[in-house]
Amino acid sequence: MKKIKGCGTALVTPFNRDGSVDHLAIRVLIKKQLAANIDFLVPLGTTGEAACLNNEEKIAILKTIVAEVKGKVPIIAGIGSNSTQTVIENIDLLKNIPLDGFLVVTPYYNKPTQKGLYEHFSAVAKATTKSIILYNVPGRTAVNLSAETTIKLAALDNIVATKEASSNFSQISEIIQKAPRNFCVLSGNDSEVLPLYALGAEGVISVASNLAPEKMVKLTNLLLNNNFPAARKLHHELSELFSHCFLETNPIPVKIGLHKMGSIANSLRLPLESATAKTTKLMEAALRKLKLL
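Numbering (the working numbering), first residue to last: 1 to 293.
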């Protein structure tokens, strides 16, 4: 598998108004991503409301995506759980789907130690030959994957990258400095793409690229080519969109944005609810400013 870098989209899961998965909308979204020359796709993560999907729905969603992508870009499926055994079972569940790798979040709620985190990811890596991307998001999981543990895990053959959403720049800098050369650090926050590239990161798993894939691909390409003046200008143009994607819990704002763009129904699964009128108004304004509406 080629190195995972550049702009990857943390895909939303569109639902019909009756709550069922909208596979037609998935195909439309994928076409838009491919047309924008996205580097890779990440379904079934937080943005995809994976916690509220059953196994049959997950399999069907991935089959739809695989059929639409046709091998053009890597597909990295979210399989995280706070149970190591469940993550391994998820790998087995998806064994017949031609995926390129898995995104595995740190176990949430039960707050494992660093040793427990190392053993968790080691066991997951041993359960597959496919690439593993670590996902560190302490704000959702209540546990931080330290630089020391990340670097230790990076020595394992099929742990190829980390999605860092800790906003701890000194920690991320240490990972970039000390991890093996072929290990990639990906930003987990759109607003941090530019500064993390300056440190040596090589990509992002983006929420905003659901709405503006062309602009996010352009941003990462500028950064990969060390064109920081142009990247800085584009970053500032996108900064309002970045912040508005998190006015409420992700993916509430990005779904109302896609709905206003005519791409999906504004449908989420409980316990998430539709965006407030204030968020809707602000998201519409940001999209108009970027000429996306």
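No residue lacks a Cβ here, since even glycine has one placed at the ideal position from N, Cα and C.
Check	Outcome
Are there 16 or more other CB atoms within 10 angstroms of the CB of residue 270, so buried, or fewer, so exposed?	exposed
Return the chain-ordered ranges of every beta strand (DSSP E) run that is complete within the region 37-102 and spans a minimum of 3 residues.	40-42, 76-78
Have a look at residue 123 and residue 100 and give me their C-alpha separation to the nearest angstrom.	19 Å
In this structure, does DSSP put residue 291 in helix, strand or coil?	coil
So, at 6 Å on beta carbons, what are the nonlocal neighbours of residue 213 in its own chain, with the 5 sequence-adjacent residues on each side left out?	33, 36, 38
Is the region 258-275 touching the region 6-19, taking contact as three or more C-beta pairs under 8 Å?	yes
Would a C-beta distance cut-off of 9 Å place residue 180 and residue 47 closer than the cut-off?	no
Residues in the same chain with beta-carbon distance under 8 Å from residue 151, minus the five sequence neighbours each way, listed in chain order, please.	174, 175, 178, 179
Looking at C-beta atoms only, is the number of pairs between the region 131-147 and the region 89-109 that lie closer than 8 Å three or more?	yes
For the pair the region 194-201 and the region 240-248, tell me if three or more CB-CB distances fall below 8 Å.	no
Does the region 153-160 come close enough to the region 127-136 that 3 or more CB-CB pairs lie under 8 Å?	yes
Can you give me the start and stop residues for the alpha helix (DSSP H) that residue 257 sits inside?	252-260
Around the C-beta of residue 208, are 16 or more other C-beta atoms found within 10 angstroms, so that it is buried, or is it exposed?	buried
With 16 as the cutoff for other CB atoms within 10 Å, does residue 165 come out buried or exposed?	buried
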